[in-house]
Structures are given as C-alpha cells and as structure tokens.
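Participant: Chain order of the listed sequences is Z and V.
Start counting the first sequence at 1; every next residue gets the next number (this note's numbering).
Start counting the second sequence at 1001; every next residue gets the next number (this note's numbering).
Even for Gly, the Cβ is constructed at its ideal location relative to N, Cα and C.
Shown below is the structure under consideration.
Protein chains: 2
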Amino acid sequence: MSGIKDVAEKSGVSISTVSNVLNGKKNVGERTRERVLSICQELNYYPNSAGRALKSGKSNVILFNFGDFDRSFYLKIIQGISDCVNDYEYDLAIITEKSCEKFMRNNMSAGSIILDEKIPDTLLESVANIKYPIVVMDRKIDNPHIKSVIIDNYTPMKKMVQGLVDKGYKKFAFIAGPEHTLDNIERYKAFKDVLEINNIVFSQNDYYAGNYREKSGYLAAKIFIISQDVPEVFVCANDNMAIGAIKALEENGYRVPEDVAITGFDNIQLAEAMDITTVDIPKYERGFIAAKYLIEYIKGKTNVDDISIEAKVVWRNSTPNK
Amino acid sequence: MSGIKDVAEKSGVSISTVSNVLNGKKNVGERTRERVLSICQELNYYPNSAGRALKSGKSNVILFNFGDFDRSFYLKIIQGISDCVNDYEYDLAIITEKSCEKFMRNNMSAGSIILDEKIPDTLLESVANIKYPIVVMDRKIDNPHIKSVIIDNYTPMKKMVQGLVDKGYKKFAFIAGPEHTLDNIERYKAFKDVLEINNIVFSQNDYYAGNYREKSGYLAAKIFIISQDVPEVFVCANDNMAIGAIKALEENGYRVPEDVAITGFDNIQLAEAMDITTVDIPKYERGFIAAKYLIEYIKGKTNVDDISIEAKVVWRNSTPNK
DNA sequence: TTGTAAGCGTTATCAA
DNA sequence: TTGATAACGCTTACAA
C-alpha cells in the first residue's frame, strides 16, 4: 500500500506539495497538481485517516447510534441520515451501543446522532463539547452542545384518542413503552388527558408497561385476556406492540376489529399491511433533519433550537365505529 | 480531553508505562498498574485511535457494508454480526456504499463484510490482502483473501417449485431479481430446471426482470395483468416483490390465492403476516457466521473454505392445491 | 510555487 | 520494573 511518501517520490515533489494538492490548497502549480493527482490514481493512493486525524484533529465522519434491531423503520431513518451526510460530503458510520462510547471518544468522528435510549444522558453530556456536538433523537438534554430532534407525539395521539371517543369507544386499555422514554411519556399523557376531558374512567388495571417489542404487546394482551378484562380498544404506544397484541387476541378467538379495536404508533410497513390505525412519523425526514442539524453545527452554526417534527393520524380498519 | 501524557503525569510514571498498562503488558508492577488504571478512570481517559492506529497499524474495527434500505431483514443480519463481533471484543462500524472504499483503504479497520452488490468485485480484489481480509455475502470471488458466505438457493427453490407442480400448477410466471446477482441466478435456474424436468413450457413472456424492490414486483404483476396473461402462480425471487405483486393483483380485482397463487423468498416479517409461501433464510446466523469467519481469518486462521448456508421452504396459504 | 521540519498521541525498542 | 526516544503518515508554519 502506498503512502504520501511514495506519491511524492514518484512525482518528484515534496510530501508537503502532495498534501497541498490533496487538500485543495491554492499554492500549487497547475502542472504539478495534475501530475500529482494522476500519480495518486496510478498508485491507488488513499490518505491514511490515522495520520490525518492525528495531525489535524479533524474528521469527516458522522456517527449514528441505534440499537433496537426489532424496529425496522430505523432503516428509513438511516436512509435519511445517509442522504444528508452524503450531500455534505461527510461519511457515515453506524455503530451499536456497545462501541458507542469508544467511538465517540476516540477522536475519529466529528459528531454523533444518538437514537438508542440505552446510551445514558450523563455519557452524552460528558462527551459533548463545542468541538464535538451531538444530536439526540426522541429525548431532551439541557446542554448547549446537544440538540434534540423530537417527534410531537402529544398532538396526534390526542387527536387519535379523541377520534376513538367520538367513534363511541368507552373502555380503553393502554399498552405502554419503556416508561422513562420521552415519547412514551408524551403518548401516554395525551391518552390520559383525552380520557379525563371526556370523563372516561381509567384505572391502573387498564395499563400495561411494555417495552416497544412485539412480544411485550403479545404478553400484555394475553394478560388482559386471562384476567377476563378485555377492553373495547387497545391503544398501544407503538405498532410492534399492537401487532403482538393482535396475535395474542386472534390466538384466543378474539376477532380484530369486530370484537376488539386496536391502535398503534409509528406507521411501520406491517401496520399498513395489517390495516392498523396508527400515527405516521416521517421517518426519512427525521433522519435527514437530524444529520443536517449536526453538520451545520459542526460547520459553525451553533445557535439553533431543538426541533419538533409533526406526525399524523392514519385511520384504518382496526378502529371501526362502535 | 485528557491524553496519555496527562495520565502519566498525574500517576507519576512515564507514558510508556501507561501504554504498557493499557495494553496489558506484563512488565509493570502490580501497584503501578492499579494506580494508572484508577487515574485513567478518574480522568475519563480514552486512547486516541488515530495515534494508536498510526503507530501500531492495528485496528479492532470490523466494517459491514450494506446498501438496500428497503430490505428490512438486513437488521437481523446486522444483529448476528454485531453479536459475534462483540463476542470477540471487536468493534462494528456499519457503512454505506458511498464511503465504503474510503473506509476500507484508510487503515482504520481490520477487515470488512460486504453485502451490497453495488461494491464491485474489482474494488474488493484490489483492497483485500493477507492483512485485510474480506468476507462477501451472496457472491463468490476467487481470491485467497476474500471468503464467501452464501445461501444455497438452488435446493430450496427446486423443492418449492416442485411442490407447486405437485399441487397441480401448470402456468408459471417468474419475477426475477437483478440478473447479475448470484442468488437471483440460482433461484431462477432452480425454477427453470424444475419446469423442464416436468415438461412444462416456459417462455420469455413469463419472465420479468425486477430488482428485489416492492415496486418492481408491483410493476411486474401490473404488466402481466395488462397483457391479459396472468399465470396460475407467480414465483418471485424475493418476498418484497411478491408483496408488490399482491398489491397490484388485489388492486385489479384478482384475489390471492383464490385466483392467483404466489411465492416469495427470504421469509421477511411481512411474508409471515401476509401468509406467503416462501423460503426461510437464517438471517441472524448468516451475519454471525460471516463475522466469525472474518475475525478468525484476522486472527490467523486463513485456511477456510467458502461457506454455504441452508435455507428451508415455508409453505403458507398463498399456494393452495390447484 | 515549492520544500524543510515540527509535531499530533501512540507503541516499541532499548537502555537504565 | 521503568523511562527516554524514535517512528508511524500526515498537516502546517515558515523558509527558500
């Protein structure tokens, strides 16, 4: 493998000239530039990132961390991030929770986008600084170098539940996501607020704390079935759990939506295929915006507010009129 | 941010001693080691990968390249890779086609797993060497430093199509994937071989060259519908296209499977939900094995053969008896 | 317009 | 058991 030295030698110039060519500096003769460039090609030369990063302290790599391999809509987010990162001629590296801290701290990237809730706020706060900004999705951290891109969960959830009330539903159950996550908190709050406004009673028995996985939705429904307390409608904090719940219901002889109605959140592919009423989150756009924010911060536009993204109710056949 | 120098200073030892501690060398006193380690913690010290990579030329990073954000089963592959990489205490970075060459060449990783068909063989051959092995999925490259992990597509496809013949199907259509991909070639060959064995005629009109995306399956079916030449069964080279085809059929008043039968390949989540007969590929295992092969090569076990993974037919309701 | 040389943070060699 | 020092490949003043 050839290095800058080989290129310099073969071109008959010094390594600094090669470096200047590679970095688009203007202090290089046109002919020299061309020769060097062609020699680079010929030798298949690629700059060693280690040397470059070590000296310059700069990097063109954006990190994206995600962790839940069950949630397939993450692919759309990645696509949005990827497109934006490419637009700005940065490089994207997607990493898992396990190596996240190491990658963030080892000076090989310019900033991170964090989606995985398992990465603690404290870690992010200790890593972020003016030279290393971070964008977090679906949570808020009060730090000048950490920006949030969040979904407005409250408004569409409120609309959806009010819609259910208007359709005549009276007995609700709520299958929740992880209780510390911002989006679950908002979704649940909207749900409760609507019931309260409409004077509908809701007890803790009608609440199940899941974890956004299909299995926990399955389990939740099973428990309602066993305790002989199946509601008119399951409001689920995401689609995966709604799907799990439907499986449990159908396995136990309940028809959806004839016997029990159900709603999800996210509008994943399967929710469409299974005709589940849900809330559509613009996934691609979410990724794109997060990346855009991060890169613009890196480039010096540090004074931006958190961003909130709109989501919309999608009515489907899982919630007929009562 | 603190470096090795800060740690050395605060511990009252030289930087070489700190380095020795960090790299688990034996030539360090027990008390020194403990003190250094605790100071590292205290200062929140993380080695600078650039410096380390530059000097040692080594890296613990495994690259995984994938590109098709439409195919959600990739998440399972990633999960398999991730688990294996973590088992061996390596780090995983997932990258896109766009930056793939740069990352492979910039000396910041120990090897790559390549899934994206858009990365050309020639590039891989020019990058791979004894110090930088590559594992490719779903294709074969004749190079001592590139190993293949492929699915045996032929056997299960043959079994599935023969099963359709046995069920009484006589008029087939084939919706193919990208024609240069190994898996599509094998799937199509198995299909044709079975028809030939059973003396069933198959003309080029019954063949549509798609690209594994849902849209191309949709388009394919639409074309068959328009040309008034809808077969008894669509054999699709993957599930996504089968799903697209089903949508086109249902939109045009054809019932699946009553009017038209259909099969897919991959066994993605949606195929299960939509009750499509397909071939199940062990996705997680595929990723895990690919990573295992790569890391063992990196560690010196260079003499291994290509690996072929078994896949199994899953009969569902989309293919009733004729 | 080009070249010389210092230095980024680490590891490895060798001497103490 | 430790420490001084050179070297990795690159960028960047600054000198020529």
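Thinking C-alpha only, which one of Z:Lys292, Z:Ala190, Z:Phe174, Z:Ile141 is nearest lysine 159 of chain Z?
Facilitator: Answer by Cα proximity: Z:Ala190.
Participant: Determine, using beta carbons only, whether proline 156 of chain Z comes closer than 8 Å to chain V.
Facilitator: With 8 Å as the cut-off, proline 156 of chain Z does not count as an interface residue toward chain V.
Participant: With DSSP collapsed to three states, give me the class of aspartate 239 of chain Z.
Facilitator: Helix.
Participant: Quick one: give me the first and last residue of the alpha helix (DSSP H) that lysine 1076 of chain V is part of.
Facilitator: Looking at the DSSP string, the run of the alpha helix (DSSP H) that includes lysine 1076 of chain V is 1074 to 1087.
Participant: Identify whether tyrosine 218 of chain Z lies in helix, strand or coil by the three-state DSSP scheme.
Facilitator: The answer is helix: DSSP assigns tyrosine 218 of chain Z an H, G or I state.
Participant: Any C-beta of chain V within less than 8 Å: which residues of the segment 95 to 124 of chain Z qualify?
Facilitator: Residues Ile95, Thr96, Lys98, Ser99, Glu101, Lys102, Phe103, Arg105, Asn106, Asn107, Met108.
Participant: Check this for me: beta carbons of valine 1233 of chain V and leucine 1164 of chain V, under 8 Å apart or not?
Facilitator: The answer is yes: Cβ separation under 8 Å.
Participant: Can the beta-carbon of isoleucine 1077 of chain V be found less than 8 Å from the beta-carbon of arginine 1316 of chain V?
Facilitator: Not in contact: isoleucine 1077 of chain V and arginine 1316 of chain V (Cβ atoms no closer than 8 Å).
Participant: Would glutamine 1269 of chain V be called buried (16 or more neighbouring beta carbons within 10 Å of its own) or exposed?
Facilitator: Counting Cβ neighbours within 10 Å, glutamine 1269 of chain V comes out buried, since at least 16 surround it.
Participant: Which of helix, strand or coil does DSSP assign to leucine 92 of chain Z?
Facilitator: Three-state DSSP puts leucine 92 of chain Z in a strand.
Participant: So with Cβ pairs under 8 Å, would you call proline 178 of chain Z a contact of chain V?
Facilitator: So no, proline 178 of chain Z is outside the interface.
Participant: I'd like to know whether the C-beta atoms of isoleucine 175 of chain Z and alanine 237 of chain Z end up nearer to each other than 8 Å.
Facilitator: Closer than 8 Å, so yes.
Participant: Applying a beta-carbon distance threshold of less than 7 Å, which residues of chain V neighbour aspartate 239 of chain Z?
Facilitator: Near aspartate 239 of chain Z there are no residues of chain V at all, since even the closest Cβ is about 12 Å away, more than 7 Å.
Participant: Based on the DSSP secondary-structure assignment, which residues constitute the bridge partners of aspartate 1306 of chain V?
Facilitator: None, per the DSSP bridge assignment.
Participant: Does the distance from the C-beta atom of aspartate 183 of chain Z to that of aspartate 138 of chain Z stay below 8 Å?
Facilitator: Result yes, Cβ atoms of aspartate 183 of chain Z and aspartate 138 of chain Z sit closer than 8 Å.
Participant: Is DSSP giving glycine 1111 of chain V helix, strand or coil here?
Facilitator: Strand at glycine 1111 of chain V.
Participant: Alpha carbon to alpha carbon, how far is serine 318 of chain Z from aspartate 337 of chain Z? Give it in angstroms, no decimals.
Facilitator: Any answer about residue 337 of chain Z is impossible in this case: the structure gives chain Z only from 1 up to 322.
Participant: Just to confirm before moving on: does the CB-CB distance between valine 1085 of chain V and tyrosine 1045 of chain V stay below 8 Å?
Facilitator: No. Outside cutoff.
Participant: For chain Z, check one thing: does any of its Cβ atoms lie closer than 8 Å to the Cβ of glutamine 1041 of chain V?
Facilitator: False, the Cβ-Cβ gap to chain Z never drops below 8 Å.
Participant: What residue does the beta strand (DSSP E) around tyrosine 169 of chain Z start on, and which one ends it?
Facilitator: First-last for tyrosine 169 of chain Z: undefined, no H or E at that position.
Participant: Would you say methionine 1274 of chain V faces chain Z, with C-beta separation under 8 Å as the test?
Facilitator: Chain Z contact via Cβ: present.
Participant: Can you have a look at valine 226 of chain Z and say buried or exposed, based on whether 16 or more other CB atoms are within 10 angstroms of its CB?
Facilitator: In the sequence under discussion, the amino acid at residue 226 of chain Z is isoleucine, which differs from the valine named in the question. Exposed is the call here.
Participant: Does the segment 143 to 160 of chain Z come into contact with the segment 99 to 110 of chain Z, if we say contact requires no fewer than three beta-carbon pairs (one atom in each stretch) closer than 8 Å?
Facilitator: Cβ pair count under 8 Å is below three, so no.
Participant: Give me whichever residues DSSP pairs with valine 149 of chain Z in a beta bridge.
Facilitator: Answer is Z:Met137, Z:Ile307, bridged to valine 149 of chain Z.
Participant: Residues in its own chain within less than 7 Å of arginine 1033 of chain V by CB, not counting five upstream and five downstream?
Facilitator: So the qualifying residues of the chain are Val1021.
Participant: Find out if the Cβ-Cβ distance for the pair threonine 1096 of chain V, glycine 1067 of chain V is shorter than 8 Å.
Facilitator: Yes.
Participant: Could you check whether the Cβ of alanine 242 of chain Z sits closer than 8 Å to any Cβ belonging to chain V?
Facilitator: It does not; no Cβ of chain V falls within 8 Å.
Participant: The segment 1072 to 1091 of chain V: which residues have C-beta closer than 9 Å to a C-beta of chain Z, in chain order?
Facilitator: Residues passing the 9 Å Cβ filter: Ser1072, Phe1073, Tyr1074, Leu1075, Lys1076, Ile1078, Gln1079, Ser1082, Val1085, Asn1086, Tyr1090, Asp1091.
Participant: Would you say glutamate 1214 of chain V and glycine 1244 of chain V are within 8 Å of each other, going by their C-beta atoms?
Facilitator: Yes; because the gap between Cβ atoms is below 8 Å, this pair is in contact.
Participant: On a Cα-Cα basis, can you pick out the residue from V:Gln1228, V:Asp1229, V:Ala1220 that is closest to isoleucine 1246 of chain V?
Facilitator: That would be V:Ala1220, whose Cα lies nearest to the Cα of isoleucine 1246 of chain V.
Participant: By Cβ distance, which residues of its chain are closer than 8 Å to glycine 1177 of chain V, with the 5 residues on each side in sequence left out?
Facilitator: Counting only Cβ-Cβ distances below 8 Å, and skipping sequence neighbours, we find Asp1183, Asn1184, Arg1187, Gly1210, Asn1211, Tyr1212, Ala1237, Asn1238, Met1241.
Participant: Under 8 Å, Cβ to Cβ, is there at least one residue of chain V near proline 144 of chain Z?
Facilitator: No, proline 144 of chain Z does not count as interfacial toward chain V.
Participant: Is the Cβ of tyrosine 1046 of chain V closer than 8 Å to any Cβ of chain Z?
Facilitator: Judged by the 8 Å Cβ criterion, tyrosine 1046 of chain V is in contact with chain Z.
Participant: With distances taken Cα to Cα, identify the nearest neighbour of serine 1308 of chain V among V:Ile1276, V:Tyr1090, V:Pro1047, V:Pro1282.
Facilitator: The shortest C-alpha separation from serine 1308 of chain V is found at V:Pro1282.
Participant: Report the residues of the segment 1213 to 1234 of chain V with a CB closer than 8 Å to any CB of chain Z, ordered along the chain.
Facilitator: The residues in question: there are none.
Participant: Going along the chain, which residues of its own chain have a beta-carbon closer than 7 Å to the beta-carbon of serine 19 of chain Z, five neighbours each way excluded?
Facilitator: Contacts found: Ile4.
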